[in-house]
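For the record, the sequence lines run as chains C and X. Be aware that the first sequence starts at 1, since it is given in full-length UniProt numbering, and climbs by one per residue. Be aware that the second sequence starts at 1, since it is given in full-length UniProt numbering, and climbs by one per residue.
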Amino acid sequence: MEKTVNQKAWFLVLPVLLLVAFSAVIPLMTVVNYSVQDTFGNNQFFWAGLEWFEEMLASERMWDALGRQLMFSGIILAIEVPLGIFVALNMPKSGFWSSFCLVLMSLPLLIPWNVVGTIWQIFGRVDIGLLGHTLDALGINYNYTQDTVAAWITIVVMDVWHWTSLVALLAYAGLKSIPEAYYQAAKIDQASRWKVFRYIELPKMMGVLMIAVLLRFMDSFMIYTEPFVVTGGGPGNATTLLSIDLVKMALGQFDLGPAAAFSIMYFLVILLISWVFYTVMTNLDKREG
Amino acid sequence: MAKITLDNLAHSYLSNPASEDDYALKELNHDWEDGAAYALLGASGCGKSTLLNIISGLLQPSQGRILFDGKDVTNAATAQRNIAQVFQFPVVYDTMTVRDNLAFPLRNRGRDEAYVSDRVQEIARMIGMEDMLNKKARGLTADAKQKISLGRGMVRKDVNALLFDEPLTVIDPHMKWELRTQLKKLHNEFGHTMIYVTHDQTEALTFADKVVVMYDGRVVQIGTPQELFETPEHTFVGYFIGSPGMNVIPARIEGTRAYLDGSYVELGRGYGALDGKVEIGVRPEFARLSQSEGLPVKIRRIEDVGRHKIIRADFFGHDINIIAGEDEQVSADMNRVSFDPERVNVYADDWRIKGEAA
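This is the structure in structure tokens:
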């Protein structure tokens, strides 16, 4: 079949281009604008070149925040992905309890971020919180406002509570799409439960798990509200993740130049990691094929 | 390999089946002979997959027993029955190589690697995939995948029966023929008991020694392709098998004559008084169009299908199909149809009545 060539078709993408320009490109450009200039108010700008970038790259503070951020994302992925798969595997496949579980699982996903933060902030308090008070009564020294380990455990558990459902629901969807014949064939081949998981379920879930990991990585890497509400980045800077640090810098200290440079690098890091991850996963997929 | 006996077997998907209509598979007694090739033929939803799943142990029957060589396996798990099944959609382990796929059932049963690799090599030769052993199964075509499922079934030497659940549904037409031929060859060579479920009569008739025709949860006839063609025991067999199917016309039977709408046809046998819905059935191959003889019909259409002509006629609101030879002339004044008396079957409530020699 011959393809028709019509350059006017470009006009069809115009609305999208306009929308993206106003929603993403132009706002981003103002950040770029700030990142290469210095200002003392009064709308007076002075060219600063890459000075802010150099300053940020040399700043120990940013590297520390990046390290904490990577650790946080790494920990929650390492917990949420296997746990989500485990939950999905154990969910009923049909009937009333299946719907019941689905609704139950989606509940945490429907709660606004700062409400989640508040819930855990109160839940963990030693004086009035159920969790904090119980742990204290058991003689465990738990105080997330003073103890770094306790603070980390709190925000990790909170994120796991909030987002494991997402992984579980995606994995569940992947599992449901496996035709019954695969399980029947596995029975006939006398495959063990582990082999069914390893050779049927896991390969068939790979697509959705990739999406789950990507979503969870991006979201956790940008997380702000929940840890901010619970720990405010403390104790000290122990839970100051990248975006908390960014907000401190931009709004707390009003260092607009460095904060803008920081923002751009932050954005590029997410983009880079997501791209690398996606490329590696799809290549893995192709190589196997 | 084994003889498979179904003893009073029936199955309902409901927990408390009240009437016979609730049964997806109605009571059935049958022996599947060791080493024979059977086809299980019927329209969608007639219970043939249910029966297959009961034999393979994926489904527990609600009543009756199933025996392999006289040994009761009704409650035995699928793996213990040592059967193999090829499904409608190719089931292969995507991430494994063809070799690992074929070796999988043996490895799961703890056979040593030397035996496994010998056996895999042998099976690969049988299904013609020796040069693909190291490929990943994922990228293969549907027919190659289906061959792997077949190979996985045959890799175990002690397999009791090979079951096929419409295995050629997703295969391209030209590959269908090749796979079917290969299957037939493997059967002749190795003599596995094979049960092949299909709704395609060509597949069933070319593959099987014996065809089991099912209709509405019931086995209506078990016979060789020739028996199904010549003496359909049930009107369903008559019109399901054949292209076009058997002509079935309501009639009143008196002795050796069948009266239909003011005319009559001679029958090859005599019949006593019949109750219920009485019909005669005659295959289009045994009907003949002429100018003077037989029932008056109106010809609606003539289809030339190459090897022969199919004449679609109307007899007082009943369709009658007639097959005429390619070189036979059909003229406008040929508006009567006659039947070969020996080939006219009589049915009461859809079941064939034998009759006595006249």
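Glycine included, each C-beta is placed from N, C-alpha and C at the ideal position.
**Beta-carbon spacing of GLY132(C), VAL126(C) below 8 angstroms** = Along the first sequence, read from residue 1 onward, the residue named residue 132(C) stands at position 132. Along the first sequence, read from residue 1 onward, the residue named residue 126(C) stands at position 126. Going by C-beta atoms, GLY132(C) is nearer than 8 angstroms to VAL126(C).
**Request:** Pull up the distance between the alpha-carbon of ALA103(X) and that of GLY57(X), whole angstroms please.
**Result:** As a first step, residue 103(X) must be located in the second sequence, where it is residue number 103. As a first step, residue 57(X) must be located in the second sequence, where it is residue number 57. Cα to Cα, ALA103(X) sits roughly 22 angstroms from GLY57(X).
**Asked** Is MET158(C) closer than 8 angstroms to GLU226(C) when the C-beta atoms are compared?
**Response** Here residue 226(C) refers to the residue found at position 226 of the first sequence. Here residue 158(C) refers to the residue found at position 158 of the first sequence. Yes.
**Asked** Roughly how many angstroms separate the alpha carbons of HIS187(X) and ASP22(X), rounded to a whole number?
**Response** Locating residue 187(X) in the second sequence gives position 187, where the first residue counts as 1. Locating residue 22(X) in the second sequence gives position 22, where the first residue counts as 1. If you take the alpha carbons of HIS187(X) and ASP22(X), they lie about 36 angstroms apart.
**Proximity of VAL212(X) and ALA77(X) at Cβ, strictly below 8 angstroms** = What you label residue 212(X) is simply residue 212 of the second sequence in a count that begins at 1. What you label residue 77(X) is simply residue 77 of the second sequence in a count that begins at 1. Not in contact: VAL212(X) and ALA77(X) (Cβ atoms no closer than 8 angstroms).
**Request:** Indicate whether at least one CB of chain C lies closer than 8 angstroms to the CB of ARG119(X).
**Result:** The residue you call residue 119(X) lines up with position 119 of the second sequence. No, because no Cβ of chain C sits closer than 8 angstroms to the Cβ of ARG119(X).
**Message:** Taking its Cβ as the centre, do 16 or more other Cβ atoms sit within 10 Å of GLY289(C), making it buried, or is it exposed?
**Reply:** As a first step, residue 289(C) is located in the first sequence; it is residue number 289 there, counting from the start. With a pLDDT of 44 at GLY289(C), under the threshold of 50, the predicted position of this residue should be treated as unreliable, though the coordinate-derived value follows. Counting Cβ neighbours within 10 Å, GLY289(C) comes out exposed, since fewer than 16 surround it.
**Request:** Can you tell me which of THR235(X), ILE241(X), TYR215(X) puts its alpha carbon nearest to the alpha carbon of GLN226(X)?
**Result:** What you label residue 226(X) is simply residue 226 of the second sequence in a count that begins at 1. Taking only the C-alpha atoms, the option nearest GLN226(X) is ILE241(X).
**Request:** Report yes or no: is there a C-beta of chain C within less than 8 angstroms of the C-beta of ASP7(X)?
**Result:** Translated into positions along the second sequence, residue 7(X) becomes position 7. So no, ASP7(X) is outside the interface.
**Asked** So what's MET71(C) in DSSP terms, helix, strand or just coil?
**Response** Translated into positions along the first sequence, residue 71(C) becomes position 71. In the structure shown, MET71(C) sits in a helix (DSSP, three-state: H, G or I).
**Request:** Could you name the residues that DSSP lists as bridge partners for HIS133(C)?
**Result:** In the first sequence, residue 133(C) corresponds to position 133, counting from 1. Answer is none; HIS133(C) lacks a bridge partner.
**Prompt:** In chain X, which residues lie less than 8 angstroms from GLN190(C) when you measure between Cβ atoms?
**Reply:** The residue you call residue 190(C) lines up with position 190 of the first sequence. The answer, in chain order, is ALA79, PRO105, ASN108, ARG109.
**Message:** Quick check: the Cα distance between PHE45(C) and THR239(C), rounded to an integer number of angstroms?
**Reply:** Position 45 of the first sequence, counted from the first residue, corresponds to residue 45(C). Position 239 of the first sequence, counted from the first residue, corresponds to residue 239(C). Rounded to whole angstroms, PHE45(C) to THR239(C) spans 34 angstroms at the Cα level.
**Asked** Between the stretch 3-15 of chain X and the stretch 176-186 of chain X, do at least 3 Cβ pairs fall closer than 8 angstroms?
**Response** no
**Asked** Taking 8 angstroms as the CB-CB cut-off, is ALA181(C) touching chain X?
**Response** For the purposes of this step, residue 181(C) is taken as the residue at position 181 of the first sequence. By this cut-off, ALA181(C) is an interface position.
**Element boundaries [alpha helix (DSSP H), containing GLU285(X)]** = Sequence index remark: in the second sequence, residue 285(X) carries index 285 (1-based). Segment: none, GLU285(X) is in no alpha helix (DSSP H) and carries neither H nor E.
**Item:** Opposing strand residues paired with PRO250(X) [DSSP bridges]
**Value:** Your numbering for residue 250(X) matches position 250 in the second sequence. For PRO250(X), which the question treats as bridged, DSSP gives the partners GLU279(X).
**Item:** Three or more C-beta pairs below 8 angstroms linking the stretch 77-94 of chain C and the stretch 163-182 of chain C
**Value:** yes
**Message:** When you compare the CB of ILE85(C) with every CB in chain X, is at least one pair closer than 8 angstroms?
**Reply:** The sequence position of residue 85(C) within the first sequence is 85, counting from 1. No, ILE85(C) lies away from the interface with chain X (no Cβ there is under 8 angstroms from its Cβ).
**Asked** Would you report the Cα separation of GLY234(C) and PHE100(C), rounded to the nearest angstrom?
**Response** Indexing the first sequence from 1 puts residue 234(C) at position 234. Indexing the first sequence from 1 puts residue 100(C) at position 100. C-alpha separation (whole angstroms): 38 angstroms.
**Prompt:** Do ARG288(X) and VAL337(X) have their C-beta atoms closer together than 8 angstroms?
**Reply:** One-based indexing of the second sequence puts residue 288(X) at position 288. One-based indexing of the second sequence puts residue 337(X) at position 337. Against a cut-off of 8 angstroms, the Cβ pair of VAL337(X) and ARG288(X) comes out as a contact.
**Asked** What in chain X is Cβ-close to PRO203(C), meaning under 7 angstroms?
**Response** Taking the first sequence and counting its residues from 1, the one referred to as residue 203(C) is at position 203. Per Cβ cutoff of 7 angstroms: ASP94, THR95.
**Prompt:** Do the CB positions of VAL230(C) and TYR144(C) come within less than 8 angstroms of each other?
**Reply:** Residue 230(C) sits at position 230 when you count from the first residue of the first sequence. Residue 144(C) sits at position 144 when you count from the first residue of the first sequence. The answer is yes: Cβ separation under 8 angstroms.
**Asked** What are the start and end residues of the beta strand (DSSP E) that includes ARG312(X)?
**Response** Here residue 312(X) refers to the residue found at position 312 of the second sequence. First-last of the beta strand (DSSP E) with ARG312(X): 308-315.
**Prompt:** What did DSSP end up calling GLY289(C) once you bin it into helix, strand or coil?
**Reply:** For the purposes of this step, residue 289(C) is taken as the residue at position 289 of the first sequence. Residue placement at GLY289(C) is poorly supported in this model, since its pLDDT is 44, which falls under 50; the coordinates still yield a value, given next. The answer is coil: DSSP assigns GLY289(C) none of H, G, I, E or B.
**Request:** State yes or no: is the beta carbon of GLY64(X) nearer than 8 angstroms to at least one beta carbon in chain C?
**Result:** In the second sequence, counting from the first residue as 1, residue 64(X) sits at position 64. Output row for GLY64(X): interface = no.
**Asked** If you measure from the beta carbon of ILE178(C) to each beta carbon in chain X, is any gap under 8 angstroms?
**Response** Taking the first sequence and counting its residues from 1, the one referred to as residue 178(C) is at position 178. Answer no: the Cβ-Cβ gap between ILE178(C) and chain X never drops below 8 angstroms.
**Item:** C-alpha gap between VAL282(X) and ARG269(X), whole angstroms
**Value:** Reading the second sequence from its first residue, position 282 is the one you call residue 282(X). Reading the second sequence from its first residue, position 269 is the one you call residue 269(X). Each residue's Cα considered, the two are about 14 angstroms apart.
**Request:** Determine the burial state of PRO284(X): buried for a count of at least 16 other Cβ atoms within 10 Å of its Cβ, exposed for fewer.
**Result:** Here the question's residue 284(X) lines up with position 284 in the second sequence. By the neighbour-count rule (16 or more Cβ atoms within 10 Å), PRO284(X) is buried.
**Prompt:** Residues of chain C with CB under 8 angstroms from ILE83(X), in chain order?
**Reply:** To locate residue 83(X), count along the second sequence from 1; it is residue 83. Correct list: ILE188.
**Request:** In the DSSP assignment, find the beta strand (DSSP E) that holds THR39(C) and state where it starts and stops.
**Result:** Stepping through the first sequence from its first residue, residue 39(C) is reached at position 39. Start and end: 37-39.
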